[in-house]
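Numbering (the numbering used here), first residue to last: 2 to 338.
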């Protein structure tokens, strides 16, 4: 843990570098920090911070820039919460006006997040496992094949092709549909009737076969149908500046499976991952600020976040991400109610 003066010097170093994007001199720290100490004292504190891995000096005559270690300390110990009325009004207006089905809502949310933060956004859907079944339809397309269409309370649609070992008639398809509706509507996707609970002999063998395959398909859909939405990346040059860094960020954004794994394994609440803490690429000048949504409001749960340079404005970014995640959770919770 740094002492009070070193912490104040580090905070000014980080915030000035975020503001200007340039190395920060001891003179700038004196000017903006109002520390009440001499220039020699500030230089000495900067030298100690550099020796302890919190700062680097790109050139002998230049000021210093924070390291990933410095940003981590800043986020954990020094960050000052901030609110931005214009962003808050925009978020409130957005969730008051949208009434989209879930997929469109999440995509629109990713665009809103990028629009306000000016960073590329990442939004993960909750998966069907947390959704309640609203309707089930069986459509026979061949004598030995049926398509099952499931609609959830959140407006999600899942389609499964059931290939049957033997031909079935229209009456058996109808019996199976009625049976599935009776046992699955109002239940979440992995719940309802288990495979070993299908009552053999109570209905025709053709309908029983359809029910068994449909129940298995429901379980698969509930465990695998998850979505990831990446917001506009038009702001990359403004955020990172150097073309080489922009290319690295684009490569990360294209690796959707890796991004999804990172988002899926973060703990509930707000999390900040800086540089190599992301664990997905050799590019170090990337930070992820993310927050979970839903769950406590009774609706489906997922995660939203933005990817920015390490010198992002963490106070503002965390504030916006938390505000949007809260609005999204409330919107989905009220939709489920």
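From the three backbone atoms N, C-alpha and C, an ideal C-beta is built for every residue, glycine too.
Which residues in the same chain as residue i place their Cβ atom closer than 8 Å to its Cβ, once the five residues preceding and following it in sequence are excluded?
| i | result |
| --- | --- |
| residue 46 | 6, 7, 10 |
| residue 322 | 114, 118, 271, 290, 291, 292, 305, 306, 307 |
| residue 186 | 134, 135, 136, 137 |
| residue 93 | 328 |
| residue 241 | 247, 250, 286, 310 |
| residue 277 | 69, 285 |
What residue from the options has the CA that sits closest to residue i's CA?
| i | options | result |
| --- | --- | --- |
| residue 125 | 147, 236, 108 | 108 |
| residue 221 | 277, 151, 2 | 151 |
| residue 206 | 167, 310, 312, 329 | 167 |
| residue 311 | 2, 228, 18 | 18 |
| residue 51 | 3, 80, 94, 86 | 3 |
| residue 247 | 61, 137, 287 | 287 |
| residue 161 | 184, 69, 215, 303 | 215 |
| residue 53 | 71, 44, 210 | 71 |
| residue 183 | 256, 136, 209, 174 | 136 |
| residue 78 | 265, 285, 273 | 273 |
| residue 333 | 302, 258, 92 | 302 |
| residue 285 | 257, 255, 249 | 249 |
| residue 21 | 313, 331, 330 | 313 |
Would residue i pass as a contact of residue j if the rule is Cβ separation under 8 Å?
| i | j | result |
| --- | --- | --- |
| residue 55 | residue 33 | no |
| residue 153 | residue 134 | yes |
| residue 157 | residue 139 | no |
| residue 251 | residue 237 | yes |
| residue 177 | residue 212 | yes |
| residue 96 | residue 328 | yes |
| residue 165 | residue 148 | no |
| residue 324 | residue 90 | no |
| residue 59 | residue 15 | no |
| residue 57 | residue 65 | yes |
| residue 204 | residue 180 | yes |
| residue 63 | residue 24 | yes |
| residue 396 | residue 13 | This structure cannot settle anything about residue 396, because the visible part of the chain is limited to 2 through 338. |
| residue 281 | residue 69 | no |
| residue 38 | residue 27 | no |
In the DSSP assignment, find the alpha helix (DSSP H) that holds residue i and state where it starts and stops.
| i | result |
| --- | --- |
| residue 265 | 257-265 |
| residue 71 | 69-74 |
| residue 40 | 40-52 |
| residue 182 | 171-185 |
| residue 308 | No alpha helix (DSSP H) holds residue 308; the beta strand (DSSP E) holding it covers 303-309. |
| residue 237 | 237-241 |
Could you tell me the boundaries of the beta strand (DSSP E) in which residue i lies?
| i | result |
| --- | --- |
| residue 25 | Unbroken run through residue 25: none, as it is neither H nor E. |
| residue 1 | Residue 1 is absent from the model: the chain starts at 2 and stops at 338. |
| residue 271 | 271-275 |
| residue 161 | 158-164 |
| residue 293 | 288-294 |
| residue 230 | 229-231 |
Tell me which residues share the same chain as residue i and place their Cβ nearer than 7 Å to its Cβ, disregarding the 5 neighbours each side in the sequence.
| i | result |
| --- | --- |
| residue 232 | 111, 112, 114, 115, 121, 122 |
| residue 326 | 292, 293, 294, 305 |
| residue 1 | Since the displayed the chain opens at 2 and closes at 338, residue 1 lies outside it and no answer follows. |
| residue 159 | 129, 151, 222, 226 |
| residue 267 | 291, 304 |
| residue 174 | 139, 141, 147, 211 |
| residue 255 | none |
Excluding five sequence neighbours on each side, which residues of the same chain lie with their C-beta closer than 6 Å to the C-beta of residue i?
| i | result |
| --- | --- |
| residue 228 | 126 |
| residue 315 | 76, 80 |
| residue 262 | none |
| residue 230 | 107, 108, 111, 124 |
| residue 208 | 173, 176, 177 |
Q.
My parser needs the alpha helix (DSSP H) runs of 4 or more residues fully inside the stretch 89-142; what are they?
A. Counting whole runs of 4 or more residues, the stretch 89-142 contains the alpha helix (DSSP H) stretches 103-118.
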